[in-house]
Structure formats: structure tokens, C-alpha cells
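This report concerns only the one structure given below.
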């Protein structure tokens with residue numbers, strides 16, 4: 003194992019197995035503005051070829067003025083061939099040792115490993131057996147399934163390999179109807195420019211208040227959108243009707259994947275179904291850009307109507323999304339007493355932050 007520079011990491015990342023936008027230096031720069039420090043680790047084989055890598059984010063939690071609790075997180079990583087059990091063992095041990103050296107109280111990893119073959123049309127290896135082996139290996143070495151899943155454990159994917167007609171055919175009939183309805187109503191779809199960011203944020207803020215979720219500050223989203231747009235990752239699509247933005251969608255494209263990150267809509271003209279047309283235009287843009295799959299970014303843990311995300315799940319299924327289940331995030335606790343304190347304090351801090359965030363969002367709409 004060795005550390006590399008951020009500049010080196012930019013070139014290395016695309017050559018690693020299944021690279022993810024949350025492992026990019028663009029994301030590390032965004033996180034640096036929010037108190038996180040990035041470390042870039044690589045592993046080489048006997049032929050000096052790079053065979054694995056991980057961007058580790060570290061942050062100092064300070065529950066009290068004189069107390070620092072370092073925590074570490076590997077979002078959507080580490081990146082390696084998970085079929086190689088010997089390499090898996092080395093990488094997991096080295097990551098644990100690195101966290102120990104940094105005096106982290108715990109480290110969280112969130113690898114893209116599926117509990118089953120992701121979707122019927124994927125020509126991937128049998129991931130079910132691999133995921134079972136990885137889970138067993140992690141459990142044996144002290145890793146535990148995390149109670150705090152930062153990213154969605156499950157999601158839905160759309161295959162972008164077929165032609166557009168076939169992709170439409172795989173959608174639910176009602177979804178196709180709504181796409182055509184929106185197109186007939188003269189809704190215009192275009193890519194957002196930096197001068198549109200304020201409109202997009204206000205629309206997102208209004209959506210969060212209406213639907214009951216908390217978002218971050220305007221400056222945070224402006225920073226994210228700019229960084230990822232400059233890195234040719236972020237695409238914000240706007241739906242306009244009679245010159246007014248009535249809906250928007252944020253999509254990231256990286257490697258062979260496109261990701262629907264979040265959407266927003268106005269209370270006005272919702273009957274025109276702008277969100278359906280936005281999704282269709284995003285799918286076409288992703289396909290044109292060379293993406294192999296469109297990740298709809300989030301699905302319920304349990305596919306039951308009582309789940310709060312079930313309505314969103316039905317919408318995504320209507321688009322032709324196929325359910326994908328992963329092993330989720332896993333934690334390795336290195337300092338039990340500080341970790342116990344962290345578990346007790348963080349929920350209270352998050353509750354305060356959510357309350358403040360909601361108030362700030364309301365003020366931004368005044």
C-alpha cells in the first residue's frame with residue numbers, strides 16, 4: 003500500500019474497477035470545504051500494476067472543546083476486484099491499519115458489492131457468492147454492518163444499451179403516457195447554466211418544505227454543482243413552461259454510469275407531468291454520453307407499501323428501473339469508548355442541525 007497525490011489519483015481512478023463519482027478528487031474538494039481531509043491509497047501487484055485504490059475521507063468530530071474524535075469514511079469504495087480474495091484481505095487489513103495509525107475511532111466502507119446479480123440483463127459474474135464471501139471475511143475480522151447507512155443501500159438501474167424505443171417499451175404504460183403528455187404541452191427541457199443555480203436551489207428548497215425533508219445551504223449546493231460541472235460530471239436539466247422553471251433534475255455521469263441524484267418541482271403546473279419528461283431527456287442524454295446504466299439513486303430497504311420510500315420506488319419502477327440490492331456500509335470500530343460516545347452524541351447533533359436546516363431553508367424562500 004502507498005499514498006499518492008490528488009493529481010495522481012485523478013489519473014489512476016478511471017483505471018480502477020467500477021470507479022464512482024464519490025471517489026473522485028472533485029468530491030474530496032467539496033468535502034474539504036466541510037471539514038474533511040482526503041487520503042488517496044493505492045495497491046500494486048508484483049508487476050507494479052495498480053490493482054486497488056481508495057479515497058479515505060477523515061474528519062475530526064469535536065463534541066467538547068478539548069476532545070477530538072477522528073472518523074474515517076470510504077464512500078463507494080474501496081475499488082478492487084472483489085473476486086480476488088487474497089487482494090480483498092490485504093486491502094481491508096491495510097485500510098484498518100491506516101485508520102489505526104490515524105487514531106480513528108472507526109472507519110466506514112461502502113463498497114459497490116451486490117447481494118445478487120444486479121439485474122437480469124447484466125453480464126456480470128455471479129455476485130451472490132462473492133458478496134457472501136466478502137461479508138464472511140469482514141465479519142471474521144471485526145467489521146460489522148453499519149447502523150448508519152450514509153448512502154442508499156438499495157437502488158434501481160435502467161439498462162441504456164437498447165435503443166430508445168426499447169427503453170420506452172420497458173417503461174410502464176402510464177409513464178410513457180405522461181412523457182408524451184408533457185411533450186405535447188410544450189414543456190421545454192434545457193441544461194442549466196450557473197446563472198440558473200439560484201432558481202434551482204429555490205425550487206429544491208420549496209420541494210423539501212413540501213415533502214418534509216431537510217437540505218443543505220445554498221452555498222453548499224452551488225459549490226457541489228460548480229465542482230462537478232467543472233469536472234464534466236454534473237448535468238442539471240430544467241423543465242420550463244411559458245418561460246418559468248417548473249421542475250429540475252440533477253444527474254451525474256461518471257465512467258459507465260449515470261446517476262439521478264435528486265429532482266425538484268413546483269406546485270404549479272404539476273398536472274403537466276414535467277418530471278416524467280425530465281427523466282426521459284436525462285435518460286437520452288446519459289445514453290448519448292456513453293453511460294451503460296442509469297442509476298435512479300435510492301430504493302426502500304423492504305419493498306412494502308408501508309415504507310416511506312415506496313411511492314418513489316413505484317415512480318422509478320415505472321421508468322423501467324430494476325431493483326438492485328447491495329451489501330451496504332460496514333464499520334470497523336477501533337476505539338470502543340469514544341465510539342460509544344460518538345453514537346450517543348451524533349444523533350443529538352444531527353437533530354439540531356436538521357432543525358436549523360429547516361429554518362434556514364424557510365428563510366431562503368422569504
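Numbering (the working numbering), first residue to last: 3 to 368.
No residue lacks a Cβ here, since even glycine has one placed at the ideal position from N, Cα and C.
- Residue environment analysis places residue 246 among the exposed positions, since fewer than 16 neighbouring C-beta atoms fall within 10 angstroms of its C-beta.
- Secondary structure remark: continuous beta strand (DSSP E) runs of at least 3 residues inside the segment 218–271, in chain order: 236–243, 246–256 and 259–267.
- DSSP links residue 346 through a beta bridge to no other residue.
- Relative to residue 177, the option among 195, 8 and 278 whose CA is nearest is 278.
- Distance between residue 257 and residue 144, taken at the CA atoms: about 32 angstroms.
- The beta carbon of residue 27 is closer than 6 angstroms to those of 8, 11 and 12 in its chain, skipping five residues each way along the sequence.
- Using a C-beta cut-off of 8 angstroms, the segment 61–78 makes contact with the segment 337–345, since at least three inter-stretch Cβ pairs fall below that distance.
- Assignment of residue 23 by DSSP, reduced to helix, strand and coil, places it in the helix class.
- Residue 303 counts as exposed, since fewer than 16 other beta carbons sit within 10 angstroms of its beta carbon.
- Between the segment 184–203 and the segment 233–251 there are three or more C-beta pairs closer than 8 angstroms, enough to call the two in contact.
- Rounded to whole angstroms, residue 155 and residue 200 show a C-alpha spacing of 31 angstroms.
- For residue 69, the number of other beta carbons within 10 angstroms of its own is below 16, and it is reported as exposed.
- DSSP places residue 157 in the uninterrupted beta strand (DSSP E) bounded by 156–161.
- Scanning the segment 133–192 for uninterrupted beta strand (DSSP E) segments of 3 residues or longer gives 156–161, listed from N- to C-terminal end.
- By the Cβ-count criterion, residue 112 is buried, with 16 or more other Cβ atoms from all chains shown falling within 10 Å of its own Cβ.
- For residue 76, the uninterrupted beta strand (DSSP E) segment begins and ends at 69–76.
- Residue 260 is a Cβ neighbour of residue 296, given a cutoff of 8 angstroms.
- Scanning its chain for C-beta atoms nearer than 8 angstroms, with the 5 sequence neighbours on each side dropped, one finds around residue 276 the residues 184, 189, 241, 243, 248, 249 and 267, in chain order.
- When secondary structure is reduced to three states using DSSP, residue 41 falls in the strand class.
- According to DSSP, residue 57 shares a beta bridge with 42.
- Contact annotation, residue 202 with residue 210: C-beta distance approximately 13 angstroms; criterion of less than 8 angstroms not satisfied.
- Residue 84 sits in coil when the DSSP states are folded into three classes, being neither helix nor strand.
- The Cβ-Cβ distance between residue 110 and residue 148 falls below 8 angstroms.
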